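Student:
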Amino acid sequence: MMGLLDSVLGAIGGGQQQANDPKALLIQAAIGMLTKQGGAGAAGGLGGLLSAFEGAGLGQLAQSWIGNGQNQAISPDQVQQALGSGPLQELAQAAGISPADAASHLSEILPGLVDKLTPHGEATAAPGGLDLGGLLGGLLGGNKQA
Numbered sequence: 699m700m701g702l703l704d705s706v707l708g709a710i711g712g713g714q715q716q717a718n719d720p721k722a723l724l725i726q727a728a729i730g731m732l733t734k735q736g737g738a739g740a741a742g743g744l745g746g747l748l749s750a751f752e753g754a755g756l757g758q759l760a761q762s763w764i765g766n767g768q769n770q771a772i773s774p775d776q777v778q779q780a781l782g783s784g785p786l787q788e789l790a791q792a793a794g795i796s797p798a799d800a801a802s803h804l805s806e807i808l809p810g811l812v813d814k815l816t817p818h819g820e821a822t823a824a825p826g827g828l829d830l831g832g833l834l835g836g837l838l839g840g841n842k843q844a
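Numbering (this note's numbering), first residue to last: 699 to 844.
#1: Sorted by chain position, which residues of the same chain lie with C-beta nearer than 6 Å to alanine 782's C-beta, five sequence neighbours on each side aside?
#2: Rounded to the nearest angstrom, what separates methionine 731 and alanine 800 at their Cα positions?
#3: Kindly give me the distance between the Cβ atoms of alanine 771 and proline 809, rounded to whole angstroms, as I take these residues to be in contact under 8 Å.
#4: Over what stretch of residues does the alpha helix (DSSP H) that includes serine 762 continue unbroken?
#5: Using the C-alpha atoms, what's the distance from alanine 728 back to lysine 794?
#6: By the three-class DSSP mapping on this structure, what secondary structure does histidine 803 have?
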C-alpha cells in the first residue's frame, strides 16, 4: 500500500513532502480501508463500505460512484452517518486529524476514490488493477466518462 500512496503522492507532485499532509494520510487510510478484503462494516473493503451506505439509507448515493454516470456529492454528515464513529475515528487517527475534519475530507475524497476503484461500473475491481492516473483524477473531483 505504501507503493500506491507513493505513486499517488508522486503524481500530485509532492512526493515525500506530502507524506505528512493530513489529507494524503487520510487518502492512504481510505485506500487501505477500501482495498481490504473480508471483515465487516466499512472496514470490510469496498463491499463493506457499500453495505454501510445501504444500511444508512445512502445506497443510491454510493451506487452513483460505482456506475458510469456522474458521481453524486456527499456531505460530511452523511459520511459520519454511513461510516459510524468507529471507522471514522480510525481514519481520523491515521491522518492525525479530528473525526469532523476526516468526515469533511472524506466527503471530497470518497466519490472519486470509489469511482476509480470501480472503473467498469462494478464493485468487483481488484486492488492490483488500480489506474493511478485515473485514481488521482477521481480524488481531485473527476467523474467517469459516459
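For glycine and all other residues, C-beta sits at the position ideal for the given N, C-alpha and C. Fair warning: this is a prediction, and the values are worked out from it, not measured in the lab.
Tutor: According to the structure shown:
#1: Alanine is not the amino acid found at residue 782; the sequence shown has glycine there. Cβ neighbours of glycine 782 beyond the five flanking positions: none.
#2: 14 Å
#3: 7 Å
#4: 757-764
#5: Inspection of the sequence shows that residue 794 is occupied by glycine rather than by lysine. Their backbone Cα atoms lie some 14 Å apart in a straight line.
#6: helix
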